[in-house]
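Residue numbers (this note's numbering): 797 to 1107. Note that CB positions come from ideal geometry on N, CA and C, so glycine has one too.
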């Protein structure tokens, strides 16, 4: 073989290796920009402050400001750690319907999920954290919710499409009735493969919450095993804060098919079984909340278990 052909073959092998080394999850041209600065969307969170990670936790995260929600994206899990919305009655009171479009990869993070990760996922939906219907005042805001940084693998049957969707609708009814709400939603990722338990003793709401490890560690396009897939959460949380009443309702639910919910004529009666305090959620999530509030105001909110708000 001539020297020219040898060089060409070596170059081809090099390029093939480089292509193989680059994951479809990578955004090689990513550089932080204005939308990665939380101050660019402070109106969404300034009333309650940003959730803070435990000092002992190491997280590779990137903040992303979208028009109506802020996400802290976990670049290892390939999904959000938390998503904040500031809901108003006008924002959720529109007439626009859910758009039919494909979920898009997030370009404002160094690594993100791709839509193919969710194909043949074994029953996991693309679970919105900030649901599109929360933005039905403007169809463009709704479309912006279909970005994979706003999504986690969520059990579809009996959860994402059922009891969780009903909880989301309940929150929108509350926003219309109360005028405004702050909502923080997110996953609880597995903790070393074991159970995550919130004891009834540590939860002033009196509920024990047990989050079992999910049936698979991650999803990646139907493969049985994948080291570079989207991490499947053990559970999901939703924190609903009414700034006028200065009270928070929090729910922490296993990421499973909630078959027993069908036994309840009122879905919120079932959801109440998973009510926890802010303090109990902090224990399970290794996050802390309401840092922009004075301690004297924050502590009672964290420890209280108020009656579930009704519209």
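Using 10 angstroms around the beta-carbon of residue i, count the other beta-carbons present and answer buried if the total reaches 16, otherwise exposed.
| i | result |
| --- | --- |
| residue 838 | exposed |
| residue 991 | exposed |
| residue 953 | exposed |
| residue 769 | The structure shown does not extend to residue 769, since the chain is modelled only from 797 to 1107, so the question has no answer here. |
| residue 1091 | exposed |
| residue 870 | buried |
| residue 996 | exposed |
| residue 1093 | exposed |
| residue 804 | Note on residue 804: pLDDT 44, under 50, position unreliable in the model; no value is reported. |
| residue 1071 | buried |
| residue 761 | Absent from the model: residue 761. The displayed extent of the chain is 797 to 1107, so no value can be given. |
| residue 1037 | buried |
| residue 807 | Reliability of the predicted coordinates at residue 807 is poor, the pLDDT of 39 falling under 50, and no value is obtained from them. |
| residue 941 | buried |
| residue 930 | buried |
| residue 945 | buried |
| residue 840 | buried |
| residue 986 | buried |
| residue 812 | Confidence is the limiting factor: at residue 812 the pLDDT is only 41, short of 50, which leaves the residue's position unreliable and the question unanswerable from this model. |
CA-CA distance, residue i and residue j?
| i | j | result |
| --- | --- | --- |
| residue 1099 | residue 1046 | 11 Å |
| residue 905 | residue 962 | 31 Å |
| residue 842 | residue 881 | 11 Å |
| residue 914 | residue 1014 | 10 Å |
| residue 1105 | residue 854 | 35 Å |
| residue 814 | residue 917 | For residue 814, the predicted structure reports a pLDDT of 41, less than 50, and the residue's modelled location is therefore unreliable. A value from the coordinates is still provided. Whole-angstrom Cα-Cα distance: 28 Å. |
| residue 924 | residue 982 | 9 Å |
| residue 820 | residue 877 | 21 Å |
| residue 902 | residue 823 | 9 Å |
| residue 1009 | residue 1048 | 15 Å |
| residue 943 | residue 875 | 10 Å |
| residue 964 | residue 1052 | 17 Å |
| residue 1024 | residue 1016 | 7 Å |
| residue 850 | residue 826 | 27 Å |
| residue 797 | residue 988 | Any reading at residue 797 must be qualified, since the residue scores a pLDDT of 46, below 50, and its modelled position is unreliable; the value itself is stated next. One C-alpha to the other measures close to 53 Å. |
| residue 939 | residue 1018 | 26 Å |
| residue 1022 | residue 1035 | 32 Å |
| residue 884 | residue 1041 | 15 Å |
| residue 879 | residue 868 | 6 Å |
| residue 935 | residue 896 | 11 Å |
| residue 948 | residue 866 | 15 Å |
| residue 980 | residue 852 | 22 Å |
| residue 1107 | residue 1095 | 26 Å |
| residue 1020 | residue 1064 | 36 Å |
For residue i, which residues in the same chain have their Cβ closer than 6 Å to its Cβ, ignoring the five residues on either side in sequence?
| i | result |
| --- | --- |
| residue 861 | 831, 836, 837 |
| residue 1050 | 1007, 1031 |
| residue 1054 | 954, 955, 959 |
| residue 921 | 950, 952, 956 |
| residue 1087 | 845, 848 |
| residue 894 | 928 |
| residue 899 | 911, 922, 942, 944 |
| residue 1066 | 1057, 1060 |
| residue 974 | 1038 |
| residue 926 | 865, 879, 881, 941, 946 |
| residue 1084 | 848, 1078 |
Say the cut is 8 Å; is the CB of residue i nearer than that to a heavy atom of the ligand HEM?
| i | result |
| --- | --- |
| residue 1086 | No copy of the ligand HEM occurs in the structure displayed, which carries no ligand at all. |
Under 8 Å Cβ to Cβ from residue i, same chain only, skipping five residues before and after it: list those, please.
| i | result |
| --- | --- |
| residue 933 | 886, 887, 888, 889, 890, 892 |
| residue 833 | 859, 861 |
| residue 1073 | 999, 1000, 1001, 1046, 1098, 1099, 1100, 1101 |
| residue 1004 | 993, 994, 995, 996 |
Identify, in the order they occur along the chain, each residue of the same chain with its Cβ nearer than 7 Å to the Cβ of residue i, setting aside the five sequence neighbours on each side.
| i | result |
| --- | --- |
| residue 1118 | Any answer about residue 1118 is impossible in this case: the structure gives the chain only from 797 up to 1107. |
| residue 919 | 951, 952, 953 |
| residue 1068 | 1104 |
| residue 872 | 856 |
| residue 1075 | 1098, 1099 |
| residue 1044 | 1035, 1036, 1037, 1074, 1097 |
| residue 937 | 863, 864, 931 |
Give a yes or no on whether 9 Å exceeds the smallest Cβ distance from residue i to chain D.
| i | result |
| --- | --- |
| residue 895 | Considering every chain present, this structure includes no chain D. It has just one protein chain. |
Given 8 Å, three or more beta-carbon pairs between the stretch 966–974 and the stretch 905–919: The stretch 966–974 is not in contact with the stretch 905–919.
The stretch 1025–1044 / the stretch 1073–1087 touching (three or more Cβ pairs under 8 Å): With a cut-off of 8 Å, the stretch 1073–1087 and the stretch 1025–1044 count as touching, because enough Cβ pairs lie within range.
Length-filtered (3 minimum) beta strand (DSSP E) runs lying within the stretch 883–943: Within the stretch 883–943, the runs of beta strand (DSSP E) at least 3 residues long that lie entirely inside it are, in chain order, 920–924.
Contained beta strand (DSSP E) runs [length at least 3] in the stretch 829–883, N- to C-terminal order: List check, beta strand (DSSP E) in window: 857–861, 866–870.
Segments assigned beta strand (DSSP E), at least 3 residues, entirely inside the stretch 1007–1094: 1031–1038, 1043–1050, all fully within the stretch 1007–1094.
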